[in-house]
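There are 2 protein chains.
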Amino acid sequence: MKPLDIQELMLQIGTRARAASAAMARADTATKNAALLTIAAAIRREAAALKTANGEDLAAARTSGLEPALLDRLTLSDKAIETMAEGLEQIAKLPDPIGEISELRYRPSGIQVGRMRVPLGVIGIIYEARPNVTIDAAGLCIKSGNATILRGGSEAIHCNRALAKLIQEGLAAAGLPTDGVQVVDTTDRAAVGALITMPEYVDVIVPRGGKGLIERLIRESKVPMIKHLDGICHVYIDESANIEKAIRIADNAKTNRYGTCNTMETLLIHRSVAAEVLPRLARIYKEKQVELRGDDAARTLVPMSAAVEEDWRTEYLAPILSVRIVDDLDAAIAHINTYGSKHTDAIVTEDYSRSLRFLREVDSASVMVNASTRFADGFEFGLGAEIGISNDKLHARGPVGLEGLTSQKYVVFGHGEVRS
Amino acid sequence: MKPLDIQELMLQIGTRARAASAAMARADTATKNAALLTIAAAIRREAAALKTANGEDLAAARTSGLEPALLDRLTLSDKAIETMAEGLEQIAKLPDPIGEISELRYRPSGIQVGRMRVPLGVIGIIYEARPNVTIDAAGLCIKSGNATILRGGSEAIHCNRALAKLIQEGLAAAGLPTDGVQVVDTTDRAAVGALITMPEYVDVIVPRGGKGLIERLIRESKVPMIKHLDGICHVYIDESANIEKAIRIADNAKTNRYGTCNTMETLLIHRSVAAEVLPRLARIYKEKQVELRGDDAARTLVPMSAAVEEDWRTEYLAPILSVRIVDDLDAAIAHINTYGSKHTDAIVTEDYSRSLRFLREVDSASVMVNASTRFADGFEFGLGAEIGISNDKLHARGPVGLEGLTSQKYVVFGHGEVRS
Numbered sequence: 001m002k003p004l005d006i007q008e009l010m011l012q013i014g015t016r017a018r019a020a021s022a023a024m025a026r027a028d029t030a031t032k033n034a035a036l037l038t039i040a041a042a043i044r045r046e047a048a049a050l051k052t053a054n055g056e057d058l059a060a061a062r063t064s065g066l067e068p069a070l071l072d073r074l075t076l077s078d079k080a081i082e083t084m085a086e087g088l089e090q091i092a093k094l095p096d097p098i099g100e101i102s103e104l105r106y107r108p109s110g111i112q113v114g115r116m117r118v119p120l121g122v123i124g125i126i127y128e129a130r131p132n133v134t135i136d137a138a139g140l141c142i143k144s145g146n147a148t149i150l151r152g153g154s155e156a157i158h159c160n161r162a163l164a165k166l167i168q169e170g171l172a173a174a175g176l177p178t179d180g181v182q183v184v185d186t187t188d189r190a191a192v193g194a195l196i197t198m199p200e201y202v203d204v205i206v207p208r209g210g211k212g213l214i215e216r217l218i219r220e221s222k223v224p225m226i227k228h229l230d231g232i233c234h235v236y237i238d239e240s241a242n243i244e245k246a247i248r249i250a251d252n253a254k255t256n257r258y259g260t261c262n263t264m265e266t267l268l269i270h271r272s273v274a275a276e277v278l279p280r281l282a283r284i285y286k287e288k289q290v291e292l293r294g295d296d297a298a299r300t301l302v303p304m305s306a307a308v309e310e311d312w313r314t315e316y317l318a319p320i321l322s323v324r325i326v327d328d329l330d331a332a333i334a335h336i337n338t339y340g341s342k343h344t345d346a347i348v349t350e351d352y353s354r355s356l357r358f359l360r361e362v363d364s365a366s367v368m369v370n371a372s373t374r375f376a377d378g379f380e381f382g383l384g385a386e387i388g389i390s391n392d393k394l395h396a397r398g399p400v401g402l403e404g405l406t407s408q409k410y411v412v413f414g415h416g417e418v419r420s
Numbered sequence: 421m422k423p424l425d426i427q428e429l430m431l432q433i434g435t436r437a438r439a440a441s442a443a444m445a446r447a448d449t450a451t452k453n454a455a456l457l458t459i460a461a462a463i464r465r466e467a468a469a470l471k472t473a474n475g476e477d478l479a480a481a482r483t484s485g486l487e488p489a490l491l492d493r494l495t496l497s498d499k500a501i502e503t504m505a506e507g508l509e510q511i512a513k514l515p516d517p518i519g520e521i522s523e524l525r526y527r528p529s530g531i532q533v534g535r536m537r538v539p540l541g542v543i544g545i546i547y548e549a550r551p552n553v554t555i556d557a558a559g560l561c562i563k564s565g566n567a568t569i570l571r572g573g574s575e576a577i578h579c580n581r582a583l584a585k586l587i588q589e590g591l592a593a594a595g596l597p598t599d600g601v602q603v604v605d606t607t608d609r610a611a612v613g614a615l616i617t618m619p620e621y622v623d624v625i626v627p628r629g630g631k632g633l634i635e636r637l638i639r640e641s642k643v644p645m646i647k648h649l650d651g652i653c654h655v656y657i658d659e660s661a662n663i664e665k666a667i668r669i670a671d672n673a674k675t676n677r678y679g680t681c682n683t684m685e686t687l688l689i690h691r692s693v694a695a696e697v698l699p700r701l702a703r704i705y706k707e708k709q710v711e712l713r714g715d716d717a718a719r720t721l722v723p724m725s726a727a728v729e730e731d732w733r734t735e736y737l738a739p740i741l742s743v744r745i746v747d748d749l750d751a752a753i754a755h756i757n758t759y760g761s762k763h764t765d766a767i768v769t770e771d772y773s774r775s776l777r778f779l780r781e782v783d784s785a786s787v788m789v790n791a792s793t794r795f796a797d798g799f800e801f802g803l804g805a806e807i808g809i810s811n812d813k814l815h816a817r818g819p820v821g822l823e824g825l826t827s828q829k830y831v832v833f834g835h836g837e838v839r840s
């Protein structure tokens, strides 16, 4: 399609989404759950067709030389199909956030004022090769009463088309508008540019993907985003840390998984315990083939390559860890607030006052005492689901579940009151 | 100053604000209240000096031919000075939102997860001639633990300079960094352009002023804003309205004050009660010299000029009211969601189901049943203060008090837990 046609296509999609959003917002819990369960059943029923569609995507991806890691993400296994269906069933079980009124209180004037949770309206989801995001995101947006525009990676277009049909089937069966979830059916990248520049039709964009995608969206988007760019997470081992906890947490935060955004990238250790803790940790990391890069003080304790300034700013997403010895809590907090990405940071300490200072003064979305950074996750935090993680301070911060796809408006119950 | 110098000046101010924000965020309640009360005392002590400074502004404004309404806003009367001091004392009495931890719950993994309320960081306030905004905004930002950059209208520069000195005095006396509140000391408009395009230094902009200012900021800002552009508020009188309540509310919502953003601009009346209610209301409006502009159905009941399409989209801020007769609740909701500004809308009804539908389906920041739209206000809603009103859905919505100047981060209390 020509750029102009794409623009026109996206405006049509936006117009339809905005029109559908009223019915999505009005839908009661039973209706939304019926849609979710119908889609789940359709996914199981059409597993073979989904795998055929996915096969087309994989064949095209192999021809165009997609790298193995991306091919892996693109692949829709039997297990992945079952996981998508189960995910929808779990979303159906979550409490419906919409319509909930909180803090309803009488005011001296006689009116009662409270806050009602309502959908945001239209959510745009931009993601890469993983076809399961299509179902996850659609499910969360349906449950939260939003209309959705899904723009998945072009590598997954056949699979996403097939999934879109099943989503439409579920919406229709529940009596919801089929425009409540639209999958953008073009591989043209101009569609993304259009989607992020039509704030009249899209209330928020949730990007899921690599740093390149997010950086582009931050530069170009005219629509607010729920997003994070980096996960440069720290563990700080305080002088009064319980050493066994420190070893366990610093091990887990780095080596539980290397490619996740809540993985530790820099380890900070108080000078007075460094000689005790770093050599023990270094043995563990060596065994797991984690490369260490340290400052001078760390390198006098354990042989490792020298960390350069750039290391403190790097999200390795790999078995590499930078290590710095600090003089005190202030230095640790200053390092984190300077080099971190406001994602997730943890202190290991048995000191009461320092634990509270760390929680308050580290300016990150998730701050932890004596726990692994790997817990920063919607499911681990009890949100029941996760549409993404936000490092921004406005609106949703940290792991974002259904609530992040809603807003609260004021409701007033009056009895004929007027203002004097 | 040359534009380049302004840019440099604003970067310096931004850098200082960011540096001060850590100490402001750390400050305990007693320290912040001490600063507020010291500023209040200094305002009373320096009342004469403030009036002298204000006199300079007024003289310059008269010379440059500022219009009477703006001259009025610029004037700092004895009463206005006392009100500023009292305002700070009231802010000191408000509960400190910072550090509050809510929803702290155990998770199956053993960690406890909660949410801690923290400052946003650096708030930029952009406003026009009213010097009292300098004190109101500074007070709210101090209490909420934020650093602040205040950019008032050039007409009030002498008065704002004098107020800035008193604010600095209060911060210093309490042991807070004087860069915690900075007043931009230049009348160059380029300062605004710089302030709204440095997201590294400013976390949120709160604009207070006329539509021209807000429109410019929406076009140019790279920093998120807490703002509203229009207040096109509606009252819908349903067929099952209590007529006495309807008359009282429709009168008050229009005539209590004409220039406020929560004033009704369009009255919607159900066809079946229009003949009963509109002539009575028209008599009241006529007595108060409110001009009516109606659709054909309204004009058959009461003589008035014809409303054109543009009327439904206009915030008059004046004794003018557009009137439309509608067939049912759906038509009323559709009108409001089409022409309104998502600010404040009210239904007058005794019908249970329709009242709930109106609350849920009208997509505005404040929705009301049987109460005047004039109640949409931070004080009336019980926030204790108001920095502004937001018509946006993300972050703060509706009247914004201290809480809107904060965010919530996740805090995790662990006991050595790691993720499996």
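Protein chains in written order, with the working numbering: chain L, 1 to 420; chain X, 421 to 840.
The beta-carbon is built from N, C-alpha and C at its ideal position, and this holds for glycine as well.
Name the chain L residues that come within less than 7 angstroms of Ile531(X), Cβ to Cβ? Here residue 531(X) refers to the residue found at position 111 of the second sequence. Correct list: Ala371, Phe375.
Using the rule of at least 16 other Cβ atoms within 10 Å of the residue's Cβ for burial, across every protein chain shown, is Asp812(X) buried or exposed? One-based indexing of the second sequence puts residue 812(X) at position 392. Buried, since its Cβ has 16 or more Cβ neighbours within 10 Å.
Candidates Lys829(X), Arg774(X), Arg636(X): which alpha carbon is nearest Tyr656(X)'s? On the second sequence, position 236 is the one that residue 656(X) refers to. For the residues Lys829(X), Arg774(X), Arg636(X), the minimum Cα distance to Tyr656(X) belongs to Arg774(X).
Nearest to Met724(X) by CA position, among Trp732(X), Ala717(X), Leu712(X), Glu735(X), is which residue? To locate residue 724(X), count along the second sequence from 1; it is residue 304. Closest by alpha carbon: Leu712(X).
Bridge-paired residues (DSSP) for Met444(X): The residue labelled residue 444(X) in the question sits at position 24 within the second sequence. According to DSSP, which records beta bridges pairwise, Met444(X) is partnered with nothing at all.
Once DSSP output is grouped into helix, strand and coil, what is the label at Asp556(X)? Here residue 556(X) is taken as the residue at index 136 of the second sequence, counted from 1. Helix at Asp556(X).
Leaving out five residues on either side along the sequence, give the residues of the same chain with a beta carbon under 6 angstroms from the beta carbon of Ser109(L). Counting from 1 along the first sequence, the entry for residue 109(L) is found at position 109. Result list for Ser109(L): Glu417, in chain order.
Taking His395(L) as the reference, which of Gly595(X), Leu540(X), His690(X), Met788(X) has the closest Cα? Looking up residue 395(L) in the first sequence gives position 395. For the residues Gly595(X), Leu540(X), His690(X), Met788(X), the minimum Cα distance to His395(L) belongs to Leu540(X).
Quick check on DSSP: helix, strand or coil for His228(L)? Here the question's residue 228(L) lines up with position 228 in the first sequence. Reduced to three states, the DSSP call for His228(L) is coil.
For a contact meaning CB atoms closer than 8 angstroms, what does Gly382(L) contact in chain X? If you number the first sequence from 1, residue 382(L) lands on position 382. Arg525, Arg527, Val533, listed in chain order.
Are the beta-carbon atoms of Gln182(L) and Ala147(L) separated by less than 9 angstroms? Here residue 182(L) refers to the residue found at position 182 of the first sequence. Here residue 147(L) refers to the residue found at position 147 of the first sequence. Contact flag set, yes.
Is it right to say Ser742(X) is buried, meaning 16 or more other beta carbons lie within 10 angstroms of its own, or is it exposed? Residue 742(X) sits at position 322 when you count from the first residue of the second sequence. Buried: at least 16 other Cβ atoms inside 10 Å.
Can you pull out the residues from the region 331 to 347 of chain L whose beta carbon lies closer than 7 angstroms to at least one beta carbon of chain X? none
Three-way DSSP call (helix, strand, coil) for Leu583(X) in this model: Here residue 583(X) is taken as the residue at index 163 of the second sequence, counted from 1. Here Leu583(X) sits in helix by DSSP.
Output yes if chain L places a C-beta closer than 9 angstroms to the C-beta of Glu664(X); else output no. Here residue 664(X) refers to the residue found at position 244 when the second sequence is read from its first residue. With 9 angstroms as the cut-off, Glu664(X) counts as an interface residue toward chain L.
Can you find a C-beta in chain X that's less than 9 angstroms from the C-beta of Ser221(L)? As a working mapping, residue 221(L) is identified with position 221 in the first sequence. By this cut-off, Ser221(L) is not an interface position.
What's the gap between the Cα of Leu70(L) and the Cα of Gly210(L)? If you number the first sequence from 1, residue 70(L) lands on position 70. If you number the first sequence from 1, residue 210(L) lands on position 210. Going by the C-alpha atoms only, they are around 11 angstroms apart.
Roughly how many angstroms lie between the CA atoms of Met430(X) and Ala440(X), to the nearest whole one? Stepping through the second sequence from its first residue, residue 430(X) is reached at position 10. Stepping through the second sequence from its first residue, residue 440(X) is reached at position 20. Their backbone Cα atoms lie some 15 angstroms apart in a straight line.
Where do the ends of the alpha helix (DSSP H) carrying Val697(X) lie? Numbered from its first residue, the second sequence carries residue 697(X) at position 277. Per DSSP, Val697(X) belongs to the alpha helix (DSSP H) from 691 to 707.
What residues in the region 198 to 215 of chain L bring their beta carbon closer than 7 angstroms to a beta carbon of chain X? Asp203, Val204
Please report the distance separating the alpha-carbon of Lys647(X) from that of Gln828(X). Position 227 of the second sequence, counting from 1, holds the residue named residue 647(X). Position 408 of the second sequence, counting from 1, holds the residue named residue 828(X). When rounded, the distance between both Cα atoms is 20 angstroms.
Can you tell me the Cβ-Cβ gap for Arg744(X) and Asp765(X), rounded? I've got them flagged as a contact below 8 angstroms. Here residue 744(X) is taken as the residue at index 324 of the second sequence, counted from 1. Here residue 765(X) is taken as the residue at index 345 of the second sequence, counted from 1. Contact doesn't hold; Cβ gap of about 13 angstroms is too wide.
Residue-chain proximity (Val326(L), chain X), Cβ-Cβ < 9 angstroms: The count along the first sequence starts at 1 and reaches residue 326(L) at position 326. With its beta carbon at least 9 angstroms from every one in chain X, Val326(L) lies outside the interface.
Output the residue ranges of the beta strand (DSSP E) runs that lie fully inside the region 39 to 119 of chain L and measure 3 residues or longer, sorted by chain position. 101 to 106, 112 to 119
How many Å lie between Glu310(L) and Lys79(L) at the Cα? Start at 1 with the first residue of the first sequence, and residue 310(L) comes out as number 310. Start at 1 with the first residue of the first sequence, and residue 79(L) comes out as number 79. Straight-line Cα distance between these residues: approximately 40 angstroms.
Are the C-beta of Gln90(L) and some C-beta of chain X separated by less than 9 angstroms? For this step, residue 90(L) is matched to residue 90 along the first sequence. Output row for Gln90(L): interface = no.
Would Ile125(L) and Ile389(L) qualify as a contact pair, given that the criterion is a beta-carbon distance under 9 angstroms? On the first sequence, residue 125(L) is found 125 positions in, with the first residue counted as 1. On the first sequence, residue 389(L) is found 389 positions in, with the first residue counted as 1. Not a contact, by the Cβ cut-off of 9 angstroms.
Anything in the region 248 to 265 of chain L with a Cβ closer than 7 angstroms to a Cβ of chain X? List those residues in chain order, please. Per Cβ criterion, the list reads Arg248, Ile249, Asn252, Asn256.
Please report how far the alpha carbon of Arg151(L) lies from the alpha carbon of Val184(L), in whole angstroms. Within the first sequence, residue 151(L) is the residue found at index 151, counting from 1. Within the first sequence, residue 184(L) is the residue found at index 184, counting from 1. When rounded, the distance between both Cα atoms is 5 angstroms.
Helix, strand or coil at Gly414(L) according to DSSP, with G and I counted as helix: As a working note, residue 414(L) is residue 414 in the first sequence. Strand.
Contact criterion: CB-CB distance below 9 angstroms. Does Met116(L) meet it with respect to chain X? As a first step, residue 116(L) is located in the first sequence; it is residue number 116 there, counting from the start. Closer than 9 angstroms: yes.
So, with DSSP's three-state summary, where would you put Asn662(X)? Your numbering for residue 662(X) matches position 242 in the second sequence. For Asn662(X), the three-state secondary structure derived from DSSP is coil.
Taking C-beta pairs closer than 9 angstroms, name the residues in chain X that Lys165(L) reaches, listed in chain order. Your numbering for residue 165(L) matches position 165 in the first sequence. The premise fails here: Lys165(L) is roughly 30 angstroms from chain X at the closest Cβ pair, so nothing lies under 9 angstroms.
Quick one: Cα of Lys342(L) to Cα of Arg397(L), how far? As a position in the first sequence, residue 342(L) is number 342, starting the count at 1. As a position in the first sequence, residue 397(L) is number 397, starting the count at 1. Rounded to the nearest angstrom, the two C-alpha atoms are 10 angstroms apart.
Using a Cβ-Cβ distance under 9 angstroms, would His654(X) count as near chain L? As a first step, residue 654(X) must be located in the second sequence, where it is residue number 234. So no, His654(X) is outside the interface.
Contact set between the region 267 to 293 of chain L and chain X, restricted to residues whose Cβ is under 8 angstroms from the partner: Legend: CB atoms of the region 267 to 293 of chain L lying less than 8 angstroms from CB atoms of chain X are not found in any residue.
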